[in-house]
Amino acid sequence: MFNTRDTLKINAKGHLEIGGADCVDLAAEFGTPLYVFDEAYIRQMMRIYRDTIAEEYDGNGLVLYASKAFSCTAVYAIARQENIGVDVVSGGELYTAMRAGFPAEKITMHGNNKLPHEIAEALDCGVGMIVVDAYSEVDLIEAEAEKRGIVQNVLIRINPGVEAHTHAYVQTATPDSKFGFSVASGAAEAITKYALSKPHLRLRGYHCHIGSQIFEKQSFVLAVEKNLAFMAEMKKNLGFEADSLNMGGGFGIWYAEGDAKIGVAGYADYLRALLSTVREGCKKYGLRLPFVYLEPGRSIVGEAGITLYTVGAIREIPGIRKYVAVDGGMFDNPRYALYQSRYTAILANRAAEEPSELVSIAGKCCESGDLIGVDFNLPKAATGDILAVFSTGAYNYSMASNYNRNLIPPAVLVNGGKAEYIVMPQTYEDLVRNDAVPERLK
Ligand code: LLP
Numbered sequence: 008m009f010n011t012r013d014t015l016k017i018n019a020k021g022h023l024e025i026g027g028a029d030c031v032d033l034a035a036e037f038g039t040p041l042y043v044f045d046e047a048y049i050r051q052m053m054r055i056y057r058d059t060i061a062e063e064y065d066g067n068g069l070v071l072y073a074s075k076a077f078s079c080t081a082v083y084a085i086a087r088q089e090n091i092g093v094d095v096v097s098g099g100e101l102y103t104a105m106r107a108g109f110p111a112e113k114i115t116m117h118g119n120n121k122l123p124h125e126i127a128e129a130l131d132c133g134v135g136m137i138v139v140d141a142y143s144e145v146d147l148i149e150a151e152a153e154k155r156g157i158v159q160n161v162l163i164r165i166n167p168g169v170e171a172h173t174h175a176y177v178q179t180a181t182p183d184s185k186f187g188f189s190v191a192s193g194a195a196e197a198i199t200k201y202a203l204s205k206p207h208l209r210l211r212g213y214h215c216h217i218g219s220q221i222f223e224k225q226s227f228v229l230a231v232e233k234n235l236a237f238m239a240e241m242k243k244n245l246g247f248e249a250d251s252l253n254m255g256g257g258f259g260i261w262y263a264e265g266d267a268k269i270g271v272a273g274y275a276d277y278l279r280a281l282l283s284t285v286r287e288g289c290k291k292y293g294l295r296l297p298f299v300y301l302e303p304g305r306s307i308v309g310e311a312g313i314t315l316y317t318v319g320a321i322r323e324i325p326g327i328r329k330y331v332a333v334d335g336g337m338f339d340n341p342r343y344a345l346y347q348s349r350y351t352a353i354l355a356n357r358a359a360e361e362p363s364e365l366v367s368i369a370g371k372c373c374e375s376g377d378l379i380g381v382d383f384n385l386p387k388a389a390t391g392d393i394l395a396v397f398s399t400g401a402y403n404y405s406m407a408s409n410y411n412r413n414l415i416p417p418a419v420l421v422n423g424g425k426a427e428y429i430v431m432p433q434t435y436e437d438l439v440r441n442d443a444v445p446e447r448l449k
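Here it is, written out as structure tokens:
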């Protein structure tokens, strides 16, 4: 029922196990709600992308883990050990990566509105690449690079106009998008000319990212084809031959019935399809093979993570719905509230039991839309059961909040059956740490 992989199974006690650790024991030791990450899975995913580029493209590329999916110091340390790069989208992600001792030359900075201080910080750290998404950014990078007497490598984010089948909020390459310069309108060519005119910018090529949680290989392939056609046009029109191409991220993962179970090896097939598109396109257009970047986030950490909750109040509204409330909610997982996301869950302490009823899982926040989701097939849950929700490794902790002054749950990393904190529990003191009380209110 849950995605099959070596490290997620039901043990002899009938308990769910992740990475060799019994989830009931984890809940007892660390409390709930708890994010649990399987280190082996994260490493496997980083390696499959890295090794596919090595094997299929002579190593002429770099996987950048899109750290917005799950950002904490330990995850950058894993990426560093695995010898891959990372993509950061804010001064905060950059700071965290640097705290983990991440090599700056393997960091790419993104964002559709990078702030002046974020650009200055990126240059101070010496990030390898900045992906430009506005004229004002070109000016800022030029000024800051000149001040420091350096030349900064940049890519331009283009919008190739590829529609991908995913939630509207996570589509990025439609005509109405806040991201990227449109190829069709001529905007991408105009910004190319502008960037080339700046002596402290070294334009290396282009980036495009068509969206997230996408399964159609064809959409990715089409985006890369359009990118190469545009590169050929720039060579012809401006005499500029790009030497780098960033193909973005966006590979879908399994959340619930109906989603493909791609499996670790399946992601290599996606990447292979893109790399052969690059080779064919370059041959067709007479371009030299670019250095390629790939920016997977969700597919690296999404299925590596689960969330454990304790079942609390249960409310049955006869003929309408049964709500099973847990000790978490939209403060640790806002994805149902934002995107009506679907998930799969089981009772971790009764994992071998057959499901017998359809329930909605409610959070503890003060609003009706605070659900982990609707229509979960579970055995009859009782107060005190441990509920495990699968595929919560991406965009859960990273989008968590202290709404209702709930505490953001800690995260543990499991390796060989042993769990250790990678995000410590918050305390009530953390909640008031930044509060200030003007003198007249005292
Ligand atoms: N590169 C760029 C420029 C991106 O904007 C993103 C995701 C990625 C790479 C990584 O995409 P991935 O491989 O993770 O699909 N909060 C939403 C997802 C937002 C994705 C934003 N950009 C969610 O929970 O579904």
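For what it's worth, the numbering used here labels the leading residue of the sequence shown as 8, then goes sequentially.
By construction, the Cβ of each residue, glycine as well, lies at the ideal position given by its N, Cα and C atoms.
Per-residue DSSP class, three states only, for residue i
i	result
residue 350	coil
residue 449	coil
residue 66	coil
residue 322	strand
residue 1	A question about residue 1 goes unanswered here, because the residues of the chain that appear run from 8 up to 449.
residue 276	helix
residue 137	strand
residue 314	strand
residue 185	coil
residue 190	coil
residue 221	strand
residue 37	helix
Same chain, Cβ closer than 6 Å to residue i, five either side skipped, listed in chain order
i	result
residue 406	341
residue 237	190
residue 117	94, 96, 138
Sequence-distant residues of the same chain with beta carbon closer than 7 Å to residue i, five excluded per side
i	result
residue 438	409, 412
residue 191	168
residue 145	139, 201, 202, 205, 208
residue 194	188
Cβ-Cβ distance between residue i and residue j below 8 Å
i	j	result
residue 109	residue 83	yes
residue 305	residue 296	no
residue 350	residue 379	yes
residue 152	residue 207	yes
residue 394	residue 426	no
residue 314	residue 334	no
residue 372	residue 423	no
residue 416	residue 48	no
residue 401	residue 308	yes
residue 263	residue 331	no
residue 26	residue 39	no
residue 132	residue 164	no
residue 74	residue 162	no
Chain-order list of residues whose beta-carbon lies under 8 Å from that of residue i (same chain, five-residue window excluded)
i	result
residue 429	44, 79, 80, 81, 82, 418, 419, 420
residue 91	53, 56, 57, 69, 70, 71, 72, 113
residue 360	21, 354, 386
residue 154	none
residue 147	121, 123, 126
residue 102	128
residue 87	107, 108, 109, 110
residue 142	198, 201
residue 357	21, 386, 392
residue 431	417
residue 130	148, 151, 152, 155, 157, 159
Whole-number beta carbon distance between residue j and residue i, since they are thought to touch under 8 Å
i	j	result
residue 451	residue 299	With the chain covering 8 to 449 only, the question about residue 451 has no answer from this structure.
residue 239	residue 213	12 Å between Cβ atoms; not a contact.
residue 255	residue 302	5 Å
residue 235	residue 288	3 Å
residue 247	residue 199	6 Å
residue 172	residue 221	7 Å
residue 98	residue 115	The pair is not a contact, with the Cβ atoms about 14 Å apart (cut-off 8 Å).
Range covered by the alpha helix (DSSP H) that runs through residue i
i	result
residue 105	98-106
residue 45	It is not in any alpha helix (DSSP H) - residue 45 instead sits in the beta strand (DSSP E) that spans 41-45.
residue 251	No alpha helix (DSSP H) contains residue 251, which is instead part of the beta strand (DSSP E) from 251-253.
residue 236	224-245
residue 128	123-132
residue 435	435-439
residue 295	Note, residue 295: premise wrong, no alpha helix (DSSP H); not H, not E.
N-terminal and C-terminal residue of the beta strand (DSSP E) that residue i is part of
i	result
residue 159	159-166
residue 374	That residue, residue 374, is in no beta strand (DSSP E); it is neither H nor E in DSSP.
residue 87	Segment 80-88 is the alpha helix (DSSP H) holding residue 87; no beta strand (DSSP E) there.
residue 369	364-369
residue 430	425-430
residue 393	393-396
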